[in-house]
Every structure is written in C-alpha cells, then in structure tokens.
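All remarks here apply to the structure that follows.
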Amino acid sequence: MKPSADEFATFNPTGDALVLASVGSAAERELLADWLTDQRSRHPEARIEVLELPGDDDPPAAALASLVELLEADDDRSVVPVRVFWVPGGLPTRSKVVSLLSGRDTYRPPTVLQRRILARDASRARVVAGEPATVAELHRQWSDTTTAENPREFARFVLRRAILAIERVELRLLGPEYKSPRLVKPEMLASAKFREGLEQIPDATVEKAGEMLDELSTGWSRFSVDLIPSLGRAIFSRGFDPNVDYDRAQVEAMRKALENHPAVLLFSHRSYLDGVIVPVAMQENRLPPVHTFAGVNLSFAFMGPLMRHSGVIFLRRKLDDPLYKYVLRQFVGYIVEKRFNLSWAIEGTRSRTGKMLPPKLGLLAYVADAYLDGRSDDILLQPVSISFDQLHETAEYAAYARGGEKTPEGLSWMYRYIKAQGERSYGKIYVRFPEAVSMREYLGEPHGPMTTDADAKRLAMQKMAFEVAWRILRATPINATALVAALLLTTRGVALTLDQLHHTLQDSLDYLERKRTPITNSALRLRTPEGVRSAVDALSGGHPVTRVDGGREPVWLIAPQDEHEAAFYRNTLVDAFLETSIVDLALAHAAHAEGDRVEAFWAQALRLRDLLKFDFYFADSAAFREHVDEEMSWLARSRTGDASSTWQEDVVAGPECIQEMLHEKRPLVAGAMLRPFFEAYEIVADVLCDSPAEVPEKELTQRALGVGAQYVAQDRVRSNESVSALLFTTARQVCADQNLLTPAADLAERREAFVDELRAILADMDTVEKLSRRQFAERERQRREPAR
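In terms of the UniProt record's numbering, the sequence shown opens at residue 1 and continues consecutively.
Below, the structure written as structure tokens:
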C-alpha cells in the first residue's frame, strides 16, 4: 500500500527553518499558506522563514539573491523544501498530449483548472515537505562535489538538492515506476571531477560539453510513464495478444534485486517492438523505468521529443569525437551513480536470422568504467528475453537474405510498420527475466586491478556479456511456430498431413521435456492433433506455411519462396538442439573413421563446435564435453535399458553398432538444424577456391549469392535458405578463422581442403537424414497398421 501524502506534509524543526516553497499558481499559494499556518501552530518555538520560488524551478535573479542572503544568515538553520503535490487524474487528454510533446510536467494541472479541481475534490492536492538539511551540511556537500566558490553557485546547489529531496518524496507517493533523473546537466557541469576531465581534452569547453549533454538528455515525464507504455501496448496489440506472457517468479526476483543496485537491462533483439515492450513490461509490473539507448536515426519528426520523454537516449552513429566520448562516459556514470537503470539490445542490432548475435561491448565498457570508478558497489546486468510467436518483419529479413538493403526509418516507414502490425494475428509476446549477472563478480572490487589492466578488463567483459547472452538463450521459451517451421523445412517442399506433423513432432517435444527446456503453451499443445492444427493454421497463407485443400484431407508445406521466413523461426530454437545435433554428426563421422572411434567421435564433436562458434553460443569446453557425455549416456541407457552399459563400448563395437545407435536415437535433427549453415560455409569456401587471395567482403557475398543460386538450381544444395547474404557474413568469419582470407603459399590447397572437409560433414548429415526418413517411414507403417 502506498503512503499517503499526509505522511510527508509535516516537519519537526529543532531550531529555525528556512522553507523553500515551490509554487506556481494562486491555488498552490493558498494551499501553502494554510500549511504554513498549521506548522507554525504546531511549532510555536521555531522561527519559520519562507522563500517562495516559481514552480518551474528556475528562479529569477531577485529570488536567487534573496536565497544567498538567507543562507548566509545562519549555518545552523534547517533548509526545508516544500511543494504542492497533485494526485494524478482528472486532466483532459488533449492537455496531456500537448504537455507531453512540449516537454512540460503534465502531473501539475493547468493553472486555470486547479481551483475547479480542488472545488470538486480537495484531496487532489497536498503540500509535501522533503528531508531537511542544515546550511552547514549543504556547504560540506557542495565543497565535496563542485568547483564553484561564489555564493550564487552555492544557492543554485541548494536549489538542486531541494528539488531532488522533493522528488524522492513524490517517488514514494507515486511508486518506483515514476523514477527519473533530474538536473543531469547542471549537476554534471558543476562537478569538480567532470571539469578536471574536460581540462585533459584539447579544445574542450564547458559550453560544448553542455550542448552534448542537451543532446543526450532524456527523462520520463510522469505522464509519459503512463502514456508511452499505453501507446506501445496499443501498437503491438494491433497484431499480438495484449497480455504479455511473463514468468512471475522471475519478475519478483528482479524487483528484489533492483532495490539494492542499479541495473542494465540487456535484451534480445528481433524486432523494433523490443524497444516498445521493455517499458511496457517495467510499467505494468510496477518496476522502475529504464533509459534506453537508441541510434539518432530514430529521432525523426515528432518521434524525437516523444521518445526523449519516454526515457530514450539518442546516440550519434559515430563515436569518434574525444569530447563526445568523454561526455557520454560521464553521463553513463552519473546515471549509474544515481541508481537509474539503463537498457539496450545486447546484440546491438536486430538479428535478421532469428539466432542470437554476438554481444556488443561498446556501451557496456562505459558502465564498467563507472563501476570501476566506484560509482556503485555493484551493477547488475539483467538479461531480458523477448520472443514472439510470429513477426511481420520476417518478410523484411527474407529480403535482406536475398541481398536487399535496409529501408531508412522515417514517418512513411513508421506508418507502414504500424499498418503491417495490424494486418493479422501474430500470437503472443513472451518476456523473461533470468537471474542477473553481477559486475562485481567478473570485474572484482571497484578501483581494483582491472581499472588499469585493459586486456584483463576486456576479457572479463567478454565473459560477462557472454554469460548474459547465455542466460537469455536458456530462458527463451520454444514456441510452436519454431517447431513446425523446423519440421516442414526438412521436407524440401513436400507437404505433410496433420497426423504426420503430429507424430513427427513428438520426438522433439520429448527431447525438450527431458532437457527441461522452457516451452510455451502453444508448444505444449502440439502434444495433441488439435494443437498442431491450430499452429499450422496460424502460419498458413504463406506466413510461411502453405495449406493445400481439395483432396481427401488438407496438407501443409513450406514453399521455396517462403523458406527464408521459415528459417528465421527455425533458427530461434537451434541452440536448444545444438548439442544433440553435434552428437548426430560426430556419431556418423565415427562410423567411418579409422583407428580409435571414441577419439574420432570427440575430435569431430569439438571440431564442429569450433566451426559453429560464430553462429551459436556454446558452454565452455569442459561443460560442452560433459553435456555431450550425458547425451550419449542417456542414449546408451535408453537403447539397452541397462544402467551399467556405456556408450563408448557401443562406439568401439564398430560401424554397424553406431548405425544402430543413430537409428534408435530420438530425435535425429542435425540436418533440420544445421544443414543451412554448413551449406552456406561450403558455398563461400567454394567461391574462395577460384578467387584471389584477398577478396572484398561485398564482392564475396555477391559471388556467393550467384553461385548459391546456381547450386540450388542444380540441386547441389538442399534449400534456398542456405543461399543467404546473412549466413554468408558468418561464413566469411569462419573462413577467416581458418586463415583462408590472407595470402600464403599453400592458400589454394588449404581452401580446397576446407571445402572437402565441409562436404564430408554434409555427407555425414545425409546419412543422419536418411536414418531420420527411415524413422518417419517406420512410424507411418506402424500408424497405418490395423489395430490387433
């Protein structure tokens, strides 16, 4: 239950008091007069002096001069900030919108309406008092934090302290979701530490730094705390279920964590909606708002001021100005020190492939600097998983995969985006908040060794960011869309009946259940034919599934032109099946390997892990080996029912036993999950074989798109989704990691050898897929056999 305003309306002076009263209208002045009369009657022994200040916290010169005089009169006098607090509600919507766009505080009703509001309901406004401080205490704080010396600057400092003291009171009345930084620019520019840093930068001035702080300035106006999430919900509710799916235990754990430390919310990024969903999630769970970094390209037309008042911090696209980098670093440090929360996409940009991209460390380095400087005893990195049943942006991503260019943002772009959002139903949105990562745990104590050891700091940050991404992946629930897309992509355009879809999906569901992987209700419903029917119908119409009617029963398939869109959904779950897919391929390799087959199994498993490291996240080497061993041990036990049997004995037994192991393994999904990636690697490596030693990235991609189209036409690669500019970007990284992009005497031979290696992996994948099709055929026969 929130405290009432009456709890903050009185104060208990031990001596004389100076009341700094912020009033902006005749109605507020009358409320203040009544309050002062009451206080003086309660404390007749105290001398209470009042300085009235304008409601906009920007005093005229005369008021400032009066404050200087009053502060010099008595160091033992208490300074008490006072303001009229208006209980939210009752404002015309039009007035709210105008105030929001103009940047004014809409939680103070327009002057002309105030008396009318109070006549209807006197409880709508109360006088509240902030925590008092003596003039001597304020002097000490001023001396510790600023460089200024003249009394007028001290008076301005006192005003800033008074404003912040009142803000803390009002925050307790309104709730943590209304917390927002105030006075960032004057506080920072007055800081002795900030000015010392400026002196180290050539041509830096306080005026230039102030302009940059204006550029970075943001804040949640109180009405925007209400309005922006409502607008965001209105946008995504055009196509999604308005009720976001949360894990309530995770929400409560995060709430508790945020009470003690500032946090950086690092979210997965698949859609422009992510930036809308985070504030909605915080507001409707009554959590403190976050201040989100965004590229300045999104600050167009009315969106600029609207987003600034909803906590967005716009960044320049290039951070090459030393003064701008310094101001940004100090700005981040100030936000963290004042325990406000920041947020951005850990991947830096939207993933156009569906799988999680490597983390970006740029902004995180600034937060790490703030921590190491001692601005907080710890900073939490809060992973945020945002996932969707479907997205209309997959059509855009498919165009990128074919080599298309990004459309610049603007008003027409925004109109088309919102319009597309309402064209059909896209299902549900899922938000998860797994356990936060402690910066202290990875960087050590503030002012510790990593403050000066740049290499150690960067390595620790990489591990820290990797852990955040890993937790996001492990918390993201698998949905029905991804499972259906993964299955239908394996059929290469061959349609399946409802029964075929249903019985084939059960192996994957069994695996996810055994691994305790989180899944959505839509995925749980795939246990029933009705749930499968609901899932494929939601995807029909080329989104990306095609339904064929008119026969004995409907059938469903993914047409070639829809494969890239379907691949986006499939890629969202590959990480969940990654280790078991590698087991499939390592077993197929061991079956034809010479010598020690167990050793060959492990060597191939680790080699596959190394080749896929640019596309996927893996546990460290020791944990990876442990997970693979667990998977193989489970396979051995399930085959024989003998807890004492070991998988190594089966592998040593030879090719026939290994083939039997693969045939009995459930699920066999290496081809379904990994073929497009290895085919993309092969196409790029093949193109390199007849390319010069050094080839520009854009040229390599264009040539790979052409060769890939040829190979699809010749059936040399299995699907259109392997021919993707997005996948070729990672394929180039793989080739670079194999030292295939730098001149060398044996470069041609090594390029050919790498192509041969990739083709051998794809041949093992063929073996696995043949066995998977055999499993499917056997289930079909069993299903069709008459009951006995």
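Using N, Cα and C, we set each Cβ at its ideal position, and we do this for glycine too.
Open item on the list: What does the alpha-carbon distance come out to for the pair Asp610 and Phe601?
Closed with: Here residue 610 corresponds to residue number 610 of the sequence shown, with the count starting at 1. Here residue 601 corresponds to residue number 601 of the sequence shown, with the count starting at 1. Taking the Cα positions, Asp610 is about 14 Å away from Phe601.
Open item on the list: Just verifying my parser: in three-state terms, what is the DSSP assignment at Asp756?
Closed with: To locate residue 756, count along the sequence shown from 1; it is residue 756. It is helical.
Task: Cβ-Cβ separation, His291 to Ile379 (assumed contact under 8 Å), whole Å - done: In the sequence shown, residue 379 corresponds to position 379, counting from 1. In the sequence shown, residue 291 corresponds to position 291, counting from 1. The C-beta distance from Ile379 to His291 rounds to 14 Å, too long to meet the 8 Å contact threshold.
- [ ] Report the option in Glu396, Gly531, Leu498, Ser412 whose CA atom is closest to the CA atom of Glu405.
- [x] As a working mapping, residue 405 is identified with position 405 in the sequence shown. In terms of CA proximity to Glu405, Glu396 leads the group Glu396, Gly531, Leu498, Ser412.
Task: Whole alpha helix (DSSP H) elements within the UniProt domain "Phospholipid/glycerol acyltransferase" (263-389), 4-residue minimum - done: DSSP runs (the alpha helix (DSSP H)) wholly in the UniProt domain "Phospholipid/glycerol acyltransferase" (263-389): 274-284, 303-308, 322-337, 362-372.
Open item on the list: Below 8 Å, how does it come out for the region 691-703 and the region 630-638: are there three or more Cβ pairs, yes or no?
Closed with: No: the two stretches stay apart, fewer than three of their Cβ pairs being nearer than 8 Å.
- [ ] Along the alpha helix (DSSP H) that carries Ile683, what are the first and last residues, could you check?
- [x] For the purposes of this step, residue 683 is taken as the residue at position 683 of the sequence shown. First-last of the alpha helix (DSSP H) with Ile683: 670-689.
Open item on the list: Within 8 Å, do at least three Cβ pairs link the region 449-463 to the region 272-282?
Closed with: Contact between the region 272-282 and the region 449-463 is absent, because fewer than three Cβ pairs lie under 8 Å.
Task: Ser581: first and last residue of the uninterrupted alpha helix (DSSP H) it sits in - done: Here residue 581 refers to the residue found at position 581 of the sequence shown. Looking at the DSSP string, the run of the alpha helix (DSSP H) that includes Ser581 is 574-592.
Open item on the list: Less than 8 Å between the C-beta atoms of Ile418 and Ile228, yes or no?
Closed with: Against the sequence shown, residue 418 aligns to sequence position 418. Against the sequence shown, residue 228 aligns to sequence position 228. In terms of Cβ geometry, Ile418 and Ile228 do not form a close pair [threshold 8 Å].
Open item on the list: Please return the same chain residues whose Cβ sits closer than 8 Å to the Cβ of Trp413, not counting the five positions on each side in sequence.
Closed with: Taking the first residue of the sequence shown as 1, we reach residue 413 at position 413. Cβ within range, chain order: Thr407.
Task: Any 3 or more C-beta pairs closer than 8 Å across the region 507-514 and the region 470-477 - done: Taking 8 Å as the limit for Cβ pairs, the verdict is that the region 470-477 does not touch the region 507-514.
Task: DSSP bridge partner residues for Glu660 (one or two, in chain order) - done: Translated into positions along the sequence shown, residue 660 becomes position 660. The partner list for Glu660 (beta bridge, DSSP) is empty, contrary to what the question assumes.
TODO: With DSSP collapsed to three states, give me the class of Ile472.
DONE: Looking up residue 472 in the sequence shown gives position 472. For Ile472, the secondary structure class from DSSP, reduced to helix, strand or coil, is helix.
Open item on the list: One question on the structure: do Ala345 and Phe240 come within less than 8 Å of each other, judged by their Cβ atoms?
Closed with: Taking the sequence shown and counting its residues from 1, one reaches residue 345 at position 345. Taking the sequence shown and counting its residues from 1, one reaches residue 240 at position 240. The Cβ atoms of Ala345 and Phe240 do not sit closer than 8 Å to each other.
TODO: Assign Val206 to one of two classes, buried (16 or more other C-beta atoms within 10 Å of its C-beta) or exposed (fewer than that).
DONE: Along the sequence shown, one-based indexing puts residue 206 at 206. The residue in question, Val206, is exposed, as its Cβ has fewer than 16 Cβ neighbours within 10 Å.
Open item on the list: Can you confirm whether the region 747-765 touches the region 573-589 when touching is taken to mean that 3 or more C-beta pairs between the two stretches lie within less than 8 Å?
Closed with: The region 747-765 and the region 573-589 touch, with three or more beta-carbon pairs separated by less than 8 Å.
Open item on the list: Let me make sure I understand the geometry here. Which of Arg238, Leu216, Asp596 has the alpha-carbon closest to that of Ile429?
Closed with: Counting from one through the sequence shown, the residue named residue 429 turns up at place 429. With distances taken between Cα atoms, Ile429 lies closest to Arg238.
TODO: Tell me whether Ser22 sits in a helix, a strand or coil according to DSSP, three-state version.
DONE: Locating residue 22 in the sequence shown gives position 22, where the first residue counts as 1. Ser22: strand per DSSP, three-state reduction.
- [ ] Would you grab the beta carbon distance between Glu52 and Ala21 for me? Rounded to a whole angstrom, and I think it's under 8 Å.
- [x] Counting from one through the sequence shown, the residue named residue 52 turns up at place 52. Counting from one through the sequence shown, the residue named residue 21 turns up at place 21. Correct: roughly 5 Å between the Cβ atoms.
Task: Identity of the residues DSSP links to Leu557 by a beta bridge - done: As a working note, residue 557 is residue 557 in the sequence shown. In the DSSP secondary-structure assignment, Leu557 is bridged to Thr546.
- [ ] Could you name the residues of the same chain whose beta carbon sits closer than 6 Å to that of Glu393, not counting the 5 residues immediately before and after it, in chain order?
- [x] For this step, residue 393 is matched to residue 393 along the sequence shown. Once the five neighbours on either side are set aside, the close Cβ partners of Glu393 are Ser271.
Task: Same chain, Cβ closer than 6 Å to Arg77, five either side skipped, listed in chain order - done: Residue 77 sits at position 77 when you count from the first residue of the sequence shown. Its chain contains Asp16, Leu18, Val135 as the residues whose beta carbon lies nearer than 6 Å to that of Arg77, once the 5 sequence neighbours on both sides are disregarded; these appear in chain order.
Task: Cβ shell of Ala777 (< 6 Å), same chain only, five flanking positions each side left out - done: By one-based count along the sequence shown, residue 777 stands at place 777. Closer than 6 Å at Cβ, skipping near neighbours: no residue.
Open item on the list: Checking the sheet assignment: what are the DSSP bridge partners for Leu53?
Closed with: Taking the sequence shown and counting its residues from 1, one reaches residue 53 at position 53. Checking the DSSP bridge columns, you'll see Leu53 partnered with Ser22.
Task: Rounded straight-line distance, which links the Cα of Pro288 to that of Val97 - done: Within the sequence shown, numbered from 1, the residue matching residue 97 stands at position 97. Within the sequence shown, numbered from 1, the residue matching residue 288 stands at position 288. Its pLDDT being 46, under 50, Val97 is placed unreliably by the model, and the measurement read from it follows with that caveat. Cα to Cα, the separation comes out at about 22 Å.
Open item on the list: Mapping the DSSP letters down to three states, classify Arg718 as helix, strand or coil.
Closed with: Here the question's residue 718 lines up with position 718 in the sequence shown. If DSSP states are grouped into helix, strand and coil, Arg718 belongs with coil.
TODO: Under 8 Å by Cβ, that's how I've got Leu306 and Met212 pegged, so tell me the actual separation to the nearest angstrom.
DONE: Indexing the sequence shown from 1 puts residue 306 at position 306. Indexing the sequence shown from 1 puts residue 212 at position 212. No, Leu306 and Met212 are not in contact; Cβ-Cβ is about 22 Å, not under 8 Å.
Task: Among Glu215, Arg160, Leu662, the one whose alpha carbon lies nearest that of Ala190 - done: For the purposes of this step, residue 190 is taken as residue 190 along the sequence shown, with counting starting at 1. Closest by alpha carbon: Arg160.
Open item on the list: Just to confirm the assignment, what range does the beta strand (DSSP E) spanning Ser78 have?
Closed with: Along the sequence shown, one-based indexing puts residue 78 at 78. Run containing Ser78: 78-86, per the beta strand (DSSP E) assignment.
TODO: Spell out a yes or no on whether the region 436-452 and the region 362-371 are touching, meaning 3 or more CB-CB pairs, one atom from each, closer than 8 Å.
DONE: Touching, per the Cβ criterion.
TODO: Output the boundary residues of the beta strand (DSSP E) element that contains Tyr569.
DONE: For the purposes of this step, residue 569 is taken as residue 569 along the sequence shown, with counting starting at 1. Counting along the chain, Tyr569 falls outside any beta strand (DSSP E), though it belongs to the alpha helix (DSSP H) covering 563-571.
- [ ] Determine the contact status of Thr353 and Leu726, defining contact as a CB-CB distance below 8 Å.
- [x] Numbered from its first residue, the sequence shown carries residue 353 at position 353. Numbered from its first residue, the sequence shown carries residue 726 at position 726. In contact: Thr353 and Leu726 (Cβ atoms closer than 8 Å).
- [ ] Assuming Gly708 contacts Glu769 (C-beta within less than 8 Å), just tell me the rounded distance between them.
- [x] Along the sequence shown, read from residue 1 onward, the residue named residue 708 stands at position 708. Along the sequence shown, read from residue 1 onward, the residue named residue 769 stands at position 769. With 8 Å as the limit, Gly708 and Glu769 do not qualify as a contact, their Cβ atoms being about 20 Å apart.
Open item on the list: Quick check on Thr646: does DSSP put it in helix, strand or coil?
Closed with: Mapped onto the sequence shown, residue 646 falls at position 646. In the structure shown, Thr646 sits in coil (DSSP, three-state: anything other than H, G, I, E or B).
TODO: Report back the beta-carbon spacing between Gln738 and Phe754 to the nearest angstrom; my notes put them in contact at under 8 Å.
DONE: Within the sequence shown, residue 738 is the residue found at index 738, counting from 1. Within the sequence shown, residue 754 is the residue found at index 754, counting from 1. About 6 Å separates the beta carbons of Gln738 and Phe754, which is inside the 8 Å limit, making them a contact pair.
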